[in-house]
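K.L.:
My questions all concern the structure below.
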Amino acid sequence: MARERLYLFDTTLRDGAQTNGVDFTLHDKLVIAAMLDDLGIDYVEGGYPGANPIDSELFAEDRKLATTFTAFGMTRRPGRSTSNDPGLAAVLEARADAICFVAKSWDYHVRVALETTPEENLASIRDSVRAAKAKGREVLLDCEHFFDGFKANPAYALACAEAAYQEGARWVVLCDTNGGTLPHEVEAIVGKVVKRIPGDRVGIHAHNDTEQAVANSLAAVRAGARQIQGTLNGLGERCGNANLVSLIPTLKMKPEFSEKFEIAVSDEKLRSLVHVSRSLDEILNRASNRHAPYVGESAFATKAGIHASAILKEPATYEHVAPETIGNRRKLLVSDQGGRSNVLAELDRIGIAVDRNDPRVARLLDVVKDREAAGYAYEAADASFELLARRMLGKVPAFFEVTQFDVNVEQRINARGERVTVTMAVVKVRVGDESLISAAEGNGPVNALDLALRKDLGKYQKYIEGLKLTDYRVRILNAGTEAVTRVLIESEDEAGEHWTTVGVSPNIIDASFQALMDSIMYKLVKSAAPA
Ligand SMILES: [Zn+2]
């Protein structure tokens, strides 16, 4: 039997960006959009063009994604025409494949918040959908407060949804904006909506205020909805949005859904889910939730004892799905089997051939474990892991050595009476028999050190000309008296390839220096620079 198509809509970059403490840069947004695109998400909502400079810039050019890249915006303001509303114009002009409008669907909000009549709100929905369709865009309408609105005045809530549908909106999305609706209510209400609007035109947008956003999304699908809106790791204001990272494996692996529905995330991409989830945490500079369903580090961890020995004999005894299917791994706190196969899988991925019983593999595993306990994050810093592995397997030349560095930060009053901070770094490098000294000024100690280090590497200089640092993240670990600093540096080369390196030390300059050195060494290895 042919399975029905179910569509996933990600709003990490728009609704997720409403989270306290989350502030995406343009670079962050582009990296996350590319990651979602690669995963197989049907729609990626990038932001609200016209509402802030970053979102305007994001939609200023064609981002060339396979996904339906979507701009978010409000329907035309009450009492205005579509041609006389600058906010709407910015959304209509955005370089997006689709436009997702938000409109009120609770008559109480129309009166109190919008201060207009129910009829004018309906006209605004129709006019806005029509204007976007005329621009050749696919159109979605997010019906804000739909479930609360439906409970108060079902006829009006339905009229809003139908106005968009009749005007040709591809999707009418029912939003549980306050997040207080329960799964059985969602199922009952969506069941009524799909009698008026075909289910394959209906979406669900659930918030997590009763910790049931995932359950509410699944309830809506059971009742007939065919699009789910959510975010990576459930990011979103207050308690978050429906978590796509939990929904995707559920839809793909639980027979009630997997036998009936098909999503665009392939089995192969499903195996990258742990990586996707943790990459978002790294970008946000947040610790990952160890207990997150499916992707958490502890999601498949079993303590020693009868459970562990049973798992070794037959994993299905204590696991609801196989951890590898989402790129996670079984963790038995009694054996290092999982760790060893993980390291072997990594070596295989980066193309280092080694016998699985080679004693150096066990040594590498010990070093990785020790260093991760000390704060290194090799899961995020692929390039540092590769360097460490190549070093331990004796495959990295000693290209150059930094024999000494000095960083000086000075704050003073300049001739114009302004307080200025000047940073200067001096680096002594030995390349073969040559001794080189470089100095550079920077806008901070790490920047100055980076500039000095990369100023003159003698015969290796030509290999690092195209090297750029694209991101720099600092996290303080085990805050307290024993605090250490972890620095993650993301680099890019002339071919557009990205990699991440890590450094850990009680001293932020030292941690940064390690990550900088790894980045340069990795580039030299990658370019096959001669010893
Ligand atoms: Zn929302």
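Sequence positions in the sequence shown follow the numbering used here and run 927 to 1457.
Every residue gets a Cβ at the ideal spot worked out from N, C-alpha and C, and that includes glycine.
1) Helix, strand or coil for Asn1047? Go by DSSP, reduced to three states.
2) Assign Glu1367 to one of three DSSP states: helix, strand, or coil.
3) According to DSSP, is Thr945 part of a helix, a strand, or is it coil?
4) Could you tell me the distance, in whole angstroms, from the CA atom of Ala1168 to the CA atom of Cys1026?
5) Do Arg940 and Gly973 have their C-beta atoms within less than 8 Å of each other?
6) With C-beta atoms as the reference, is Ser1031 less than 8 Å away from Gly1075?
7) Please classify Leu1210: is it buried, with 16 or more other beta-carbons within 10 angstroms of its beta-carbon, or exposed?
8) Taking 7 Å as the line, does the beta carbon of Cys1069 fall inside it for any heavy atom of ligand 1?
9) Between the Cα of Ala1213 and the Cα atoms of Asn1404, Ala1085 and Val1322, which residue gives the shortest distance?
10) Taking DSSP as the reference, what is the three-state secondary structure of Ser1205?
11) Hey, quick one: how far does the alpha helix (DSSP H) through Ser1445 stretch, first residue to last?
12) Can you name, in chain order, every residue of its own chain whose Cβ lies under 7 Å from the Cβ of Gly1106, other than the five neighbours on each side?
13) Which residue wins for smallest C-alpha separation from Tyr1034, given the options Pro1080, Ala986, Phe1183 and Leu952?
14) Report the three-state DSSP secondary structure of Ala1132 (helix, strand or coil).
15) Shortest alpha-carbon distance to Thr938 belongs to which of Asp1382, Val970 and Thr1349?
16) Tell me whether Asp1033, by its Cβ, gets closer than 7 Å to a heavy atom of ligand 1.
17) DSSP state of Tyr1220, grouped into three classes?
18) Ligand 1 and Thr996: does any heavy atom of the ligand fall closer than 7 Å to the residue's C-beta?
19) Can you list, in chain order, the residues of its chain whose CB lies under 8 Å from that of Ser1453, leaving out five sequence neighbours each side?
20) Roughly how far, in whole angstroms, is the beta-carbon of Tyr1091 from the beta-carbon of Arg1127, given that I think they are within contact range, below 8 Å?
21) What is the DSSP secondary structure of Asp1068, reduced to helix, strand or coil?
22) Between which residues of its own chain and Val1357 is the CB-CB distance below 7 Å, once the five residues before and five after are set aside?
23) Alpha carbon to alpha carbon, how far is Ala1230 from Val1200?
24) Could you check if Thr1103 belongs to the surroundings of ligand 1, using beta carbon to heavy atom distance under 7 Å?
25) Could you tell me whether any non-hydrogen atom of ligand 1 is closer than 7 Å to the CB of Asn1167?
26) What three-state label does DSSP hand Glu1188 in the structure shown?
27) CA-CA distance, Lys1077 and Ile1115?
28) In the structure shown, what three-state DSSP assignment does Thr1243 receive?
29) Check this for me: beta carbons of Leu1066 and Ala1095, under 8 Å apart or not?
30) Rounded to whole angstroms, how far is the Cβ of Val1400 from the Cβ of Val1413, which I believe are closer than 8 Å?
31) By the 10 Å Cβ neighbour count, where 16 or more other Cβ atoms means buried, how is Gly1162 classified, buried or exposed?
32) Just to check my reading of the structure: Asp1053 and Thr1008 have Cβ atoms closer than 8 Å, yes? What is that Cβ distance to the nearest angstrom?
33) Taking the straight line between their C-alpha atoms, what separation do you get for Ser1184 and Leu1206?
34) Examine ligand 1 and report whether any of its heavy atoms sits within less than 7 Å of the Cβ of Asp941.
35) Tell me whether His1133 counts as near ligand 1, meaning its Cβ is closer than 7 Å to at least one heavy atom of that ligand.
36) Once DSSP output is grouped into helix, strand and coil, what is the label at Gln1153?
P.N.:
Let's see:
1) Of the three classes helix, strand and coil, the one that applies to Asn1047 here is helix, per DSSP.
2) strand
3) DSSP places Thr945 in coil when its eight states are reduced to three.
4) Ala1168 and Cys1026 have their alpha carbons spaced roughly 18 Å apart.
5) yes
6) Yes.
7) buried
8) no
9) Asn1404
10) helix
11) Ile1434 to Lys1452
12) The residues are Asp1135 and Thr1136.
13) Pro1080
14) strand
15) Val970
16) Incorrect: Asp1033 has no Cβ contact closer than 7 Å to ligand 1.
17) coil
18) Set against 7 Å, the gap from the CB of Thr996 to the closest heavy atom of ligand 1 is not smaller.
19) Counting only residues of its own chain and dropping the five nearest sequence neighbours on each side, Ser1453 has a CB closer than 8 Å to the CB of Tyr1389.
20) 6 Å
21) strand
22) Phe1326, Leu1383, Gly1384, Lys1385 and Tyr1386
23) With a pLDDT of 49 at Ala1230, under the threshold of 50, the modelled position of this residue cannot be trusted, and the question is left open.
24) yes
25) yes
26) strand
27) Answer to the nearest angstrom: the Cα atoms are 9 Å apart.
28) helix
29) yes
30) 6 Å
31) buried
32) 5 Å
33) 26 Å
34) yes
35) His1133: yes, Cβ under 7 Å from ligand 1.
36) strand
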